[in-house]
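These notes are about the structure you will find just below.
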Amino acid sequence: MSNKITYTIGELAKQFDITTRSIRFYEDEGLLSPKRQGQHRIYTNKDRVRLKLVLRGKRLGFSLAETRRLFELYDADNSSAAQLEKVLELIAEKKMSLRQQMEDINVLLTELTGLEQRCRDELNAIKPSAKAVQSQESL
630 MSNKITYTIG ELAKQFDITT RSIRFYEDEG LLSPKRQGQH RIYTNKDRVR LKLVLRGKRL
690 GFSLAETRRL FELYDADNSS AAQLEKVLEL IAEKKMSLRQ QMEDINVLLT ELTGLEQRCR
750 DELNAIKPSA KAVQSQESL
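In the numbering used here, the protein residues as written are 630 to 768.
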């Protein structure tokens, strides 16, 4: 083996605070491609960087298919121009999606606030009459 820095699956799992099963899943999805030494997976710094990008993309709402597409673009064109253009396109799509979700959430919050107020009003209208009934029953 060369003098390159390598990692075991356990080291990467610990470093990124994820399970080894997650790493194997990303490998099965074609996002990581470790070398094998017998039964052991040997991950290079490239795999480590890719895992970091997968996890960052996941946190930002990118699907694994979108992340895979970015990796494919990078592998095909190391100039990164196509990859950067695709990233910008995906960012614009995610921002649009998040704005729509925010709008939907705001509408829902408004509806829930109205419903909450109606329930409180009805409850306040019922409570005095319920107390009056209890008072009459105790006589």
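Don't be surprised by glycine CBs; every beta carbon is placed ideally from N, CA and C.
Throw me the rounded Cβ distance for the residue i and residue j pair, which I believe falls under 8 angstroms.
{"i": "residue 655", "j": "residue 682", "result": "So it is not a contact: roughly 11 angstroms between Cβ atoms."}
Please classify residue i: is it buried, with 16 or more other beta-carbons within 10 angstroms of its beta-carbon, or exposed?
{"i": "residue 660", "result": "buried"}
{"i": "residue 631", "result": "Annotation note: pLDDT 46 at residue 631 (below 50); position unreliable, coordinate value reported separately. It is exposed - the Cβ of residue 631 has fewer than 16 other Cβ atoms within 10 Å."}
{"i": "residue 686", "result": "buried"}
{"i": "residue 742", "result": "exposed"}
{"i": "residue 670", "result": "buried"}
{"i": "residue 739", "result": "exposed"}
I'd like to confirm the pairing. Which residues does DSSP put opposite residue i in its beta bridges?
{"i": "residue 742", "result": "Answer is none; residue 742 lacks a bridge partner."}
{"i": "residue 666", "result": "669"}
{"i": "residue 635", "result": "673"}
Given a cut-off of 8 angstroms, decide if residue j and residue i are closer than it, judged by their beta-carbon atoms.
{"i": "residue 634", "j": "residue 641", "result": "no"}
{"i": "residue 716", "j": "residue 727", "result": "no"}
{"i": "residue 672", "j": "residue 636", "result": "yes"}
{"i": "residue 663", "j": "residue 676", "result": "yes"}
{"i": "residue 648", "j": "residue 639", "result": "no"}
{"i": "residue 684", "j": "residue 723", "result": "no"}
{"i": "residue 713", "j": "residue 691", "result": "no"}
{"i": "residue 693", "j": "residue 658", "result": "yes"}
Report the start-end ranges of each beta strand (DSSP E) in the region 647-732 that is 3 residues or longer and not cut off at the edges. 664-666 and 669-673
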